[in-house]
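**Student:** If you count by the working numbering, then the sequence shown holds residues 1381 to 1830, one letter each, in order.
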Amino acid sequence: MGAGMAGLGAALKLTELGCKDFVILEAQEEIGGRIKTITVDGRPLDIGAQWLHGKDNPLYHLAVKHDLLSEKMSEEGLGMFIRNDGVMFDDFLVKRVDFEVGRILEECQTFVDKIEHPVSVGDFMEQKFLEYLDACDDTNDLRQMKLELFDWHMRFQVIDNSCQNMRRLSAKYWGSYVCLDDTAHYNLKYGYDSLINVMADSLPKERIHLDCEVTEILYGEEHNGVKVICSNNQIFYCDHLIITASIGVLKEFAIIDPPLPTLLQTAIDNMGFYGIGKIYLIFDEKWWGNWKGFQFMWKSDTSYEEGEEWIRHVTGFDEVFNQPKVLIGWVGGEGVKEMESLTEDEVGNTCINVLRNFLPDFEIPQPNNVIRTKWFSNPWVKGSYCHITPECDDPHSGMDKMSEPVFVRGVPRIILAGEAVHPSHYSTTHGAFESGQEQAAVLHKYIIRE
Ligand SMILES: Cc1cc2nc3c(=O)[nH]c(=O)nc-3n(C[C@H](O)[C@H](O)[C@H](O)COP(=O)(O)OP(=O)(O)OC[C@H]3O[C@@H](n4cnc5c(N)ncnc54)[C@H](O)[C@@H]3O)c2cc1C
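Written out as structure tokens, the structure reads:
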């Protein structure tokens, strides 16, 4: 169930192992799930995932094999750091705070093996940053500027972790995410769906059913397998079902009968799933010279126009790989749902007003197009990617059950896969792919034993 990275990864693994008797049921009109590439000015632009994180993973190797990787890598949060009263923060100060936040987050990674730990990453960051400030002999103005930079980092982390706020991130599990070889962001020169297409080319087309939303999963003993009912009235009977829908979808999935085992359901309930948004401003000309981006700091007494509060959750605007006339703004936390509820014109107008206010020395034209994402509103995704909440710290949170198959009379009938099921590469495309491959291999082991 699902033709995203995990579903395709599972299908490829089954094929590789000689098991061809499967179908992929996908609710949407196209494959890829949270990967979607469109074309702007004849070049690819990614609406969903856009970078490969690290070299040492199967998707990186697949991209190299098919010559899909660009030599250019990306970094985020670069360029001018500027406040809404026009004050530009000097590089040294920006780097000083960046270093301090990095140090605090590194320290937070050590809690993964400890019994005693703070509740959330947000609590820990605030406590440690205030300790750092108290140990400095700064003027009030400088202290205030450091706090404003710290606030930028908090907004950045909220987006990076796709959570509602930093208190929703478990400090204990902060170190459980394994960052591969380096922190570089690798770009795909033809867009992310070039990887999806390479995978789909190795699968028989007739096995992928699009527009086929699964609405009921019945796996009681009386079905002698799994009965899968779809919204287009098709019914599939299968021995095993790999579910790769997002945790956001699973949290609200209407009919699974019998209900999933309590611990597995608890794990799904406890796992965090929230959203982020991208806003692409497409201009006729590149008006920002050599700047790589503009990062926004807000004075704490700023008041926002009604209906524009969401803009506070945008970290700033960055250049976009392979799109010389496009800027991207990332929005997180409470701002995402609000942004999704507006029209693209409204979103674009607010962004342009804010850019003009922050950057009075630039002549900023109206964009000729605005594209923003709506992953929260997508009923088959309902957010962006998972994060680990403080509820997951409880040893009875079910966390260790996520990848365990659900057995009926000794037969694994249901098994979850997807980004949220990977114990150390959750939230990523390669985590989703690896999880699909691993879960398919688990099933296959069972099938050949039978
Ligand atoms: C804006 C954004 C930016 C991101 N950036 C990056 C990045 O730069 N790098 C990175 O590594 N990751 C990134 N990610 C995360 C990455 O996209 C996901 O982790 C990954 O694609 C998830 O794959 P998946 O197969 O687990 O789930 P999905 O891609 O969600 O696939 C599940 C599929 O199941 C289908 N489905 C759902 N319900 C049903 C149903 N009832 N019946 C049938 N089908 C159903 C869905 O339509 C979907 O196609 C980003 C995500 C977003 C949203």
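Ideal Cβ positions, reconstructed from N, Cα and C, are used throughout, including at glycine.
Owing to the predicted nature of the structure, the values given are computational and were not obtained by experimental measurement.
In this structure, what does DSSP give as the bridge partners for C1610?
**Tutor:** V1594
**Student:** Let me confirm a value: T1809 is counted as buried when at least 16 other C-beta atoms fall within 10 Å, else exposed. Which label applies?
**Tutor:** By the beta-carbon neighbour count (other beta carbons within 10 angstroms, threshold 16), T1809 is buried.
**Student:** According to DSSP, which residues form a beta bridge with T1419?
**Tutor:** Note: T1419 sits in a beta bridge opposite P1424.
**Student:** In this structure, how does DSSP classify S1556 when only helix, strand and coil are distinguished?
**Tutor:** In the structure shown, the three-state DSSP call for S1556 is helix.
**Student:** What's the gap between the Cα of E1409 and the Cα of S1611?
**Tutor:** 13 Å
**Student:** Under 8 Å, do D1573 and I1415 count as touching if we go by C-beta distance?
**Tutor:** yes
**Student:** If you run the structure through DSSP and keep just helix, strand and coil, what is H1693?
**Tutor:** helix
**Student:** V1791 bridges to which residues according to DSSP?
**Tutor:** V1788
**Student:** Under three-state DSSP, which class holds Q1703?
**Tutor:** strand
**Student:** Is D1637 buried or exposed, if buried means 16 or more other CB atoms sit within 10 Å of its CB?
**Tutor:** It counts as exposed.
**Student:** So, does the stretch 1781–1799 touch the stretch 1625–1645, judging by three or more C-beta pairs under 8 Å?
**Tutor:** yes
**Student:** DSSP on L1583, reduced to helix/strand/coil?
**Tutor:** Coil.
**Student:** Is there at least one non-hydrogen atom of ligand 1 closer than 7 Å to the beta-carbon of S1680?
**Tutor:** Relative to ligand 1, the beta carbon of S1680 is positioned no closer than 7 Å to any heavy atom.
**Student:** When you measure from the CB of G1571 to every non-hydrogen atom of ligand 1, does any distance come out below 7 Å?
**Tutor:** no
**Student:** Starting from the Cα of R1463, find the closest Cα among P1792, R1692, P1759, I1404 and give me that residue.
**Tutor:** R1692
**Student:** Is the CB-CB distance between T1646 and G1457 below 8 Å?
**Tutor:** no
**Student:** Is K1658 helix, strand or coil when you go by DSSP?
**Tutor:** The answer is strand: DSSP assigns K1658 an E or B state.
**Student:** With DSSP as the reference, label F1504 as helix, strand or coil.
**Tutor:** helix
**Student:** Might you give, ordered along the chain, the residues of its own chain that have their beta carbon closer than 7 Å to the beta carbon of L1439, omitting 5 neighbours on each side?
**Tutor:** Apart from sequence neighbours up to five positions away, the residues of its chain that approach L1439 with a beta-carbon distance below 7 Å are L1432, L1575, T1809, H1810, F1813, ordered along the chain.
**Student:** Quick one: complete alpha helix (DSSP H) runs, 4+ long, within the stretch 1513–1554?
**Tutor:** 1520–1540
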